[in-house]
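Have a look at the structure below before the remarks.
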Amino acid sequence: MLHFPVLLKESVELLTSNGGKVYVDATVGLGGHAYHILSRREDIYLIGIDKDPYALEESKKRLSPFEGRFSLYQADYEDIEEVLKAEGIERVDGILMDLGVSMLQLKTPERGFSFKENAPLDMRMDPKQKLTAYYVVNRYKERDLVRIIKEYGEERFAYRIAKAIVGARRKNPIETTKELADIVEKAIPKGFYKKIHPATKTFQAIRIEVNRELWHLKNALLKIPHLLNPKGRIAVISFHSLEDRIVKQTFRYFEKEGLFELLTKKPITPSEEEIKQNPPSRSAKLRVAQRV
Ligand SMILES: C[S@@+](CC[C@H](N)C(=O)[O-])C[C@H]1O[C@@H](n2cnc3c(N)ncnc32)[C@H](O)[C@@H]1O
1466 MLHFPVLLKE
1476 SVELLTSNGG
1486 KVYVDATVGL
1496 GGHAYHILSR
1506 REDIYLIGID
1516 KDPYALEESK
1526 KRLSPFEGRF
1536 SLYQADYEDI
1546 EEVLKAEGIE
1556 RVDGILMDLG
1566 VSMLQLKTPE
1576 RGFSFKENAP
1586 LDMRMDPKQK
1596 LTAYYVVNRY
1606 KERDLVRIIK
1616 EYGEERFAYR
1626 IAKAIVGARR
1636 KNPIETTKEL
1646 ADIVEKAIPK
1656 GFYKKIHPAT
1666 KTFQAIRIEV
1676 NRELWHLKNA
1686 LLKIPHLLNP
1696 KGRIAVISFH
1706 SLEDRIVKQT
1716 FRYFEKEGLF
1726 ELLTKKPITP
1736 SEEEIKQNPP
1746 SRSAKLRVAQ
1756 RV
């Protein structure tokens, strides 16, 4: 699968230039960043985490040239302490988080992440999890749908969309991504969104809700200072303002507490060349901090 790891050179360079030996890729995905972390120096050991077992199958193949120098865990990154315990270590030299969905998830129609593919409404990164997009779309109260679509999608037509969803599901359950995308499209004034598909923000919102993405991010970040060696680094790549705000505020809080030194006063963003090669990278922001 064609996959361009976002802000690859910038993130791996900033993460590993502290000369450390043990790094965690907490969102190992298809192993793109992990491969480059392991390529940096022969004495680096990498612990890869992902809650998606299919992603781990791919990263295992991708990292096979480094056999013996990495281990992979299916877990939520919020449970990073347990993963480190299983490895028999308390602290590491760097942690990378490349947030959001992977190409594998977006391009596998039956996972139900994409409005471009027709599939059952699923959107679970961890297929063992109970909550699905079907449940959110067909069972949540209208006011909760409004809140989610407004807050997590930053969608100005949240009220109209939620109303349209509730109206449609009264007749028949909404089963597929295509049905949902059509309902959303009809609820938005024609031609309003020119650069993105009208369902983009609503799909993002439902995905964030299904996977409790912001909740897990907040909880994970709060644990990081205790898991880093002195001069250990945390690098986070975010893809929308909600994630970036959480990262920025948490880093600032730890800086005030004297735990972190910020290595990126302003976030690093992709070059024009990268955006041209990989348009979804355009919203990415990289922030890096170092343990004092
Ligand atoms: C953008 S992709 C990472 C791509 C990876 N850096 C690469 O180069 O292949 C994000 C990955 O994070 C995983 N993920 C998202 N939230 C997670 C969480 N709370 N815990 C563990 N993994 C998570 C997703 O399943 C997905 O595979």
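So for the sequence shown, this note's numbering puts the first residue at 1466; every next one is plus one. Just so it is clear, CB atoms sit at the ideal spot from N, CA and C, and this is done for glycine as well.
Q. Counting Cβ pairs, one atom from each stretch, are 3 or more of them under 8 Å apart for the segment 1568-1579 and the segment 1708-1718?
A. no
Determine the direct distance from the alpha carbon of Tyr1599 to that of Thr1642, and round the result to whole angstroms.
Along the sequence shown, read from residue 1 onward, the residue named residue 1642 stands at position 177. Along the sequence shown, read from residue 1 onward, the residue named residue 1599 stands at position 134. Near 9 Å, if we compare the C-alpha coordinates of Tyr1599 and Thr1642.
Pull up the distance between the alpha-carbon of Lys1688 and that of Lys1636, whole angstroms please.
For this step, residue 1688 is matched to residue 223 along the sequence shown. For this step, residue 1636 is matched to residue 171 along the sequence shown. Lys1688 and Lys1636: Cα-Cα distance of roughly 46 Å.
Once the 5 residues before and after Ala1664 are set aside, which same chain residues still bring their CB inside 8 Å of it?
Position 199 of the sequence shown, counted from the start, is the residue given in the question as residue 1664. Correct list, in chain order: Phe1580, Leu1645, Ala1646, Val1649 and Glu1650.
Please name the residue in Leu1521, Gly1484, Val1753 and Ser1748 whose C-alpha comes closest to that of Gly1497.
Taking the first residue of the sequence shown as 1, we reach residue 1497 at position 32. If we check each option's Cα against that of Gly1497, Leu1521 comes out closest.
- Query: Any chance the segment 1584-1602 sits against the segment 1717-1736, with 3 or more Cβ pairs inside 8 Å?
  - Reply: Not touching, per the Cβ criterion.
Compute the Euclidean distance between the alpha carbons of Arg1756 and Ile1671, then round it to the nearest angstrom.
Working through the sequence shown from its first residue, we reach residue 1756 at position 291. Working through the sequence shown from its first residue, we reach residue 1671 at position 206. Answer to the nearest angstrom: the Cα atoms are 34 Å apart.
Exercise. May I ask you to check if the CB of Glu1543 is nearer than 7 Å to at least one heavy atom of ligand 1?
Key: Residue mapping note: residue 1543 aligns to position 78 of the sequence shown, counting from 1. Yes.
Q.
Could you check whether Ile1630 and Val1602 sit closer than 8 Å to each other, using their CB atoms as the reference points?
A. Your numbering for residue 1602 matches position 137 in the sequence shown. Your numbering for residue 1630 matches position 165 in the sequence shown. Cβ atoms of Val1602 and Ile1630: closer than 8 Å.
query: Hey, how far is the Cα of Glu1546 from the Cα of Leu1693?
result: If you number the sequence shown from 1, residue 1546 lands on position 81. If you number the sequence shown from 1, residue 1693 lands on position 228. Looking at the two C-alpha atoms, the distance is approximately 11 Å.
Review point. Hey, out of Ala1551, Ser1482 and Leu1479, whose CA is closest to Gly1513's CA?
Key: Against the sequence shown, residue 1513 aligns to sequence position 48. Of Ala1551, Ser1482 and Leu1479, the residue nearest in Cα terms is Ala1551.
Which complete alpha helix (DSSP H) runs does the segment 1710-1745 hold, if anything under 4 residues is left out? 1737-1742
> Going by Cα to Cα distance, which pick from Leu1495, Gly1494 and Ala1499 is closest to Val1487?
Replying inline: Stepping through the sequence shown from its first residue, residue 1487 is reached at position 22. Nearest of Leu1495, Gly1494 and Ala1499 to Val1487, Cα basis: Ala1499.
With three or more C-beta pairs closer than 8 Å as the rule, is the segment 1557-1565 touching the segment 1702-1711? yes
Checklist line | Entirely enclosed beta strand (DSSP E) segments - the segment 1514-1556, minimum 3 residues | finding: The segment 1514-1556 contains, as complete beta strand (DSSP E) runs of 3+ residues, the segments 1535-1539 (chain order).
- If you drop the 5 nearest sequence neighbours on each side, which residues of the same chain put their C-beta closer than 7 Å to that of Val1548? As a working note, residue 1548 is residue 83 in the sequence shown. These residues qualify, in order along the chain: Ile1512, Ile1514, Tyr1538 and Ala1540.
ask   = Count the other CB atoms within 10 Å of the CB of Gly1553; is the residue buried (16 or more) or exposed (fewer)?
value = The residue you call residue 1553 lines up with position 88 of the sequence shown. It is exposed - the Cβ of Gly1553 has fewer than 16 other Cβ atoms within 10 Å.
For a test of your reading of the model: does the CB of Gly1494 fall under 7 Å from any non-hydrogen atom of ligand 1? Yes or no. Taking the first residue of the sequence shown as position 1, residue 1494 is located at position 29. Yes.
Using a Cβ-Cβ cut-off of 7 Å (strictly less than) and excluding sequence neighbours within five positions of Phe1531, which residues of its own chain qualify? Here residue 1531 refers to the residue found at position 66 when the sequence shown is read from its first residue. Cβ neighbours of Phe1531 beyond the five flanking positions: Leu1503.
Assuming Asn1676 contacts Glu1543 under a Cβ cut-off of 8 Å, what Cβ separation, rounded to an integer in Å, is found between them? In the sequence shown, counting from the first residue as 1, residue 1676 sits at position 211. In the sequence shown, counting from the first residue as 1, residue 1543 sits at position 78. That belief does not hold up - the Cβ atoms of Asn1676 and Glu1543 are roughly 11 Å apart, past 8 Å.
(Q) So, with DSSP's three-state summary, where would you put Gly1697? (A) Indexing the sequence shown from 1 puts residue 1697 at position 232. Three-state result, Gly1697: strand.
Pro1690 by DSSP, collapsed to three states: which one? Against the sequence shown, residue 1690 aligns to sequence position 225. Correct three-state label for Pro1690: helix.
| query | Does DSSP classify Ile1562 as helix, strand or coil? | reply | On the sequence shown, residue 1562 is found 97 positions in, with the first residue counted as 1. Sequence inspection shows Met at residue 1562; the Ile mentioned does not correspond to that position. Taken through DSSP and simplified to helix, strand or coil, Met1562 comes out as strand.
*According to DSSP, residues forming a beta bridge with Pro1585*: Taking the first residue of the sequence shown as position 1, residue 1585 is located at position 120. Paired residue(s): Thr1641.
Buried or exposed by the 16-neighbour rule on C-beta atoms within 10 Å, applied to Ala1570 | The count along the sequence shown starts at 1 and reaches residue 1570 at position 105. A quick correction: the sequence has Gln, not Ala, at residue 1570. Around the beta carbon of Gln1570, 16 or more other beta carbons sit within 10 angstroms, so the residue counts as buried.
What residue range does the beta strand (DSSP E) around Asp1609 cover?
The residue labelled residue 1609 in the question sits at position 144 within the sequence shown. Taken as a continuous stretch (DSSP letters only), Asp1609 belongs to no beta strand (DSSP E), being part of the alpha helix (DSSP H) at Glu1607 to Gly1618.
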